[in-house]
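Trainee:
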Amino acid sequence: MQVTSTGADPRLAGARLTIDLDALVANWRDLSARSRPAKCAAVVKADAYGLGVEHVVPVLTKAGCETFFVALPEEGVAVRRIAPKADIFILNGVHAQSAATMVEASLIPVLSGIEQIELWARFCRERWLHAPCAIGVDTGMNRLGLTVEEALAFRARNIADHLVSPVLVMSHLACGDAPDHPLNKKQRESFQRVAAAFDDIDSSLANSAGIFLGDGFLFDVTRPGIALYGGRASGTGENPVRPVVSLHARIAQIRQVSKGETVSYGATQTLARDSRIATVSVGYADGYPRAGSGAGVPLREAVTDGQSGFIGGRRVPLVGRITMDLTLFDVTDVDEESLAEGWIELIGPNIPLDEAAQVAGTIGYELLTSLGKRYERRYLKSADA
Ligand SMILES: *Cc1c(COP(=O)(O)O)cnc(C)c1O
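In this text, residue positions in the sequence shown follow my numbering: the first is 13, and each later residue adds one.
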């Protein structure tokens with residue numbers, strides 16, 4: 013096992029993020045197998061969901077991934093430096109100021125309106141380029157994309173006038189995580205019409221959740237993001253992918269607090285027994301959301317329990333409010349030896365990412381992309397990954 017440590021100095025850091033690149037690769041292979049015969053790409057926007065493109069892209073490339081999706085052109089430029097031969101798609105589209113960068117870094121913009129198609133056509137014509145693009149179609153999410161009717165009309169016009177050179181047509185599911193939602197079937201049917209019209213190029217509809225909706229959703233290319241990183245893709249059933257991220261916080265101090273006393277800001281929690289409280293060096297400035305304090309913070313009164321940690325083979329409850337740099341856990345029932353080791357798991361094999369997110373009133377995506385800059389980051393991979 014190869015361990016690469018980046019970020020904060022491991023001797024000084026208040027917490028450690030461990031990113032299992034073998035698990036990430038195993039997840040991509042699994043999603044790839046589920047996607048077949050479609051080709052499996054990887055969505056690495058927002059710095060690979062906070063995990064670091066410079067670590068994620070090389071192992072996925074080595075595993076055989078040839079296609080990456082990011083949101084913004086600068087993210088594409090960063091991926092291009094690491095993956096010189098990959099196809100890199102820019103989901104948020106093109107505008108007058110970004111067109112030149114697309115061409116310089118060989119990025120493929122997903123054009124999501126007639127105005128973007130015309131802008132790209134003009135840009136390419138003036139420079140005698142046939143730069144590839146993708147066509148984004150809205151099939152029910154009403155976020156980005158040509159309407160189905162616009163896409164079909166554009167297809168006919170492009171055959172006649174050859175405005176641009178599309179290599180992919182794509183759409184995005186609004187409710188893929190809810191397999192029974194009627195919008196899934198509606199979007200699939202709309203997208204089938206589009207894919208049939210653009211029959212000489214690849215088509216793509218499924219994100220992670222879409223892959224689990226099965227055959228009719230796979231088309232030619234799938235675009236998983238969250239499931240690569242160990243997050244739950246589908247709202248139902250077991251999470252089939254391996255966890256990738258764990259977070260361990262350093263215990264800064266252990267103190268004895270008497271029954272009836274209160275802890276942390278706002279004195280929101282009164283201890284029901286004499287307790288040992290471990291204060292760890294992680295807080296909301298590290299992306300450990302304050303809302304995870306449960307009823308300890310305003311607007312979360314309806315939710316009683318906050319986060320849990322894991323130490324010495326047991327779960328320990330968070331007490332009081334999460335603060336900027338420090339968080340408190342009740343470790344009264346934990347043995348001395350485990351406490352002396354000095355670390356509490358906040359996310360990992362015992363506290364799943366999606367559970368930690370849900371307790372804080374959010375989703376795994378937001379928790380990952382909010383992970384802070386103060387961690388030691390340990391990347392694990394086997395020699396052949
Ligand atoms: C973010 C994104 C994805 C990946 O979605 P996951 O749910 O993370 O798998 C795929 N396609 C588009 C258009 C996206 O914006």
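Every residue gets a Cβ at the ideal spot worked out from N, C-alpha and C, and that includes glycine.
Quick caveat, the model's predicted, so the values are computed rather than measured.
Sort Arg169, Gly62, Glu353, Asp345 by Cα distance to Leu380 and report the nearest one.
Mentor: Numbered from its first residue, the sequence shown carries residue 380 at position 368. Nearest option by C-alpha distance: Gly62.
Trainee: Tell me where the beta strand (DSSP E) around Ser17 begins and ends.
Mentor: Here residue 17 is taken as the residue at index 5 of the sequence shown, counted from 1. That run of the beta strand (DSSP E) goes 14-19.
Trainee: Are the region 76-87 and the region 49-57 in contact at 8 Å, needing three or more beta carbon pairs?
Mentor: yes
Trainee: Starting from Tyr391 and walking both ways along the beta strand (DSSP E), at which residues does that stretch end?
Mentor: Walking along the sequence shown from the start, residue 391 turns up at place 379. It spans 388-393 - the beta strand (DSSP E) in which Tyr391 sits, taken as one unbroken run.
Trainee: Give a yes or no on whether the C-beta atoms belonging to Glu266 and Ile356 are separated by under 8 Å.
Mentor: Looking up residue 266 in the sequence shown gives position 254. Looking up residue 356 in the sequence shown gives position 344. In the sequence as displayed, the identity of residue 266 is Ile instead of Glu. No, Cβ-Cβ distance for Ile266 and Ile356 is not below 8 Å.
Trainee: Given that a residue counts as buried once 16 or more other Cβ atoms are within 10 Å of its Cβ, and exposed if not, what is Met182?
Mentor: For the purposes of this step, residue 182 is taken as the residue at position 170 of the sequence shown. Result: buried.
Trainee: Per DSSP, Leu123 is paired with what?
Mentor: Your numbering for residue 123 matches position 111 in the sequence shown. Bridge partners of Leu123: Ile147.
Trainee: Under three-state DSSP, which class holds Arg137?
Mentor: On the sequence shown, position 125 is the one that residue 137 refers to. Three-state DSSP puts Arg137 in a helix.
Trainee: Does the beta-carbon distance from Ile110 to Gly157 come in below 8 Å?
Mentor: Within the sequence shown, the letter at position 98 stands for residue 110. Within the sequence shown, the letter at position 145 stands for residue 157. One point to set straight first is that residue 110 is Ser, not Ile, in the sequence displayed. No, these two residues do not count as a Cβ contact at 8 Å.
Trainee: Confirm the yes/no value for this check: CB of Gly152, any heavy atom of ligand 1, distance under 7 Å.
Mentor: Position 140 of the sequence shown, counted from the first residue, corresponds to residue 152. Gly152 Cβ: outside cutoff for every heavy atom of ligand 1.
Trainee: Taking only the alpha-carbon atoms, compute the straight-line gap between Glu273 and Arg155 and give it to the nearest angstrom.
Mentor: Sequence index remark: in the sequence shown, residue 273 carries index 261 (1-based). Sequence index remark: in the sequence shown, residue 155 carries index 143 (1-based). In a straight line, the C-alpha of Glu273 is about 50 Å away from that of Arg155.
Trainee: List, from N- to C-terminal side, the alpha helix (DSSP H) runs of 4 residues or more that fit wholly inside the region 344-378.
Mentor: 348-353, 365-371
Trainee: What's the gap between the Cα of Glu348 and the Cα of Ala25?
Mentor: The residue given as residue 348 occupies position 336 in the sequence shown. The residue given as residue 25 occupies position 13 in the sequence shown. Going by the C-alpha atoms only, they are around 23 Å apart.
Trainee: With a CB to CB cut of under 8 Å and the five nearest residues on each side skipped, what residues in its chain are close to Ile31?
Mentor: As a first step, residue 31 is located in the sequence shown; it is residue number 19 there, counting from the start. Answer for Ile31: Leu63, Gly64, His67, Val256, Val257, Arg389, Arg390, Tyr391, Leu392, listed in chain order.
Trainee: Which ranges would you report for the alpha helix (DSSP H) in the region 183-244 if only whole runs of at least 4 residues count?
Mentor: 194-209, 220-223
Trainee: With a threshold of 16 other CB atoms inside 10 Å of the CB of Val176, please say whether the residue is buried or exposed.
Mentor: Translated into the one-based positions of the sequence shown, residue 176 becomes position 164. With 16 or more other Cβ atoms within 10 Å, it is buried.
Trainee: If you measure between the beta carbons of Leu33 and Val69, is that distance less than 8 Å?
Mentor: In the sequence shown, residue 33 corresponds to position 21, counting from 1. In the sequence shown, residue 69 corresponds to position 57, counting from 1. In this structure, Leu33 lies away from Val69, with their beta-carbon atoms at least 8 Å apart.
Trainee: Can you determine whether any heavy atom of ligand 2 sits closer than 7 Å to the C-beta of Leu259, and answer yes or no?
Mentor: What this structure holds is ligand 1, not ligand 2.
Trainee: Excluding five sequence neighbours on each side, which residues of the same chain lie with their C-beta closer than 6 Å to the C-beta of Leu164?
Mentor: Here the question's residue 164 lines up with position 152 in the sequence shown. Within the same chain, and ignoring the five residues on either side of Leu164 in sequence, the residues whose Cβ sits closer than 6 Å to its Cβ are Ala209.
Trainee: Indicate whether Phe101 and Ile120 have their beta-carbon atoms separated by less than 8 Å.
Mentor: Within the sequence shown, numbered from 1, the residue matching residue 101 stands at position 89. Within the sequence shown, numbered from 1, the residue matching residue 120 stands at position 108. Their beta carbons are under 8 Å apart, which means Phe101 touches Ile120 by this criterion.
Trainee: Do you know how far the Cα of Val115 is from the Cα of Cys145?
Mentor: Here residue 145 is taken as the residue at index 133 of the sequence shown, counted from 1. Here residue 115 is taken as the residue at index 103 of the sequence shown, counted from 1. For Cys145 and Val115, the distance between alpha carbons rounds to 10 Å.
Trainee: At a cut of 8 Å, does the region 325-342 reach the region 205-220 through at least three beta carbon pairs?
Mentor: no
Trainee: For Glu87, count neighbouring Cβ atoms within 10 angstroms of its own Cβ and tell me buried if that reaches 16, exposed if not.
Mentor: Along the sequence shown, read from residue 1 onward, the residue named residue 87 stands at position 75. When all chains shown are included, Glu87 counts as buried.
Trainee: With DSSP as the reference, label Lys51 as helix, strand or coil.
Mentor: Stepping through the sequence shown from its first residue, residue 51 is reached at position 39. Lys51: strand per DSSP, three-state reduction.
Trainee: Determine the burial state of Ser220: buried for a count of at least 16 other Cβ atoms within 10 Å of its Cβ, exposed for fewer.
Mentor: Taking the first residue of the sequence shown as 1, we reach residue 220 at position 208. Buried, by the Cβ-count rule.
Trainee: Report buried or exposed for Asp345, applying the criterion of at least 16 other Cβ atoms within 10 angstroms of its Cβ.
Mentor: In the sequence shown, counting from the first residue as 1, residue 345 sits at position 333. When all chains shown are included, Asp345 counts as exposed.
Trainee: Using a Cβ-Cβ cut-off of 7 Å (strictly less than) and excluding sequence neighbours within five positions of Gly295, which residues of its own chain qualify?
Mentor: Here residue 295 refers to the residue found at position 283 when the sequence shown is read from its first residue. Closer than 7 Å at Cβ, skipping near neighbours: Ile334, Thr335, Met336, Asp337, Leu338, Thr339.
Trainee: Out of curiosity, what's the CA-to-CA distance linking Val206 and Gly188?
Mentor: Your numbering for residue 206 matches position 194 in the sequence shown. Your numbering for residue 188 matches position 176 in the sequence shown. Rounded to whole angstroms, Val206 to Gly188 spans 19 Å at the Cα level.
Trainee: Can you tell me whether DSSP reads Asp342 as helix, strand or coil?
Mentor: As a working mapping, residue 342 is identified with position 330 in the sequence shown. Residue state, collapsed to three classes: strand.
Trainee: Can you tell me whether Gly304 is helix, strand or coil according to DSSP?
Mentor: Taking the first residue of the sequence shown as 1, we reach residue 304 at position 292. Note: Gly304 maps to helix in three-state DSSP.
Trainee: Would DSSP call Asp99 helix, strand or coil?
Mentor: Translated into positions along the sequence shown, residue 99 becomes position 87. Strand.
Trainee: Does DSSP put Arg333 in a helix, a strand or coil?
Mentor: By 1-based counting over the sequence shown, the position of residue 333 is 321. DSSP places Arg333 in the coil class of the three-state scheme, outside both helix and strand.
Trainee: Return the CA-CA distance between Asp298 and Arg167, expressed in angstroms with no decimal places.
Mentor: The count along the sequence shown starts at 1 and reaches residue 298 at position 286. The count along the sequence shown starts at 1 and reaches residue 167 at position 155. Taking the straight line joining both Cα atoms gives about 47 Å.
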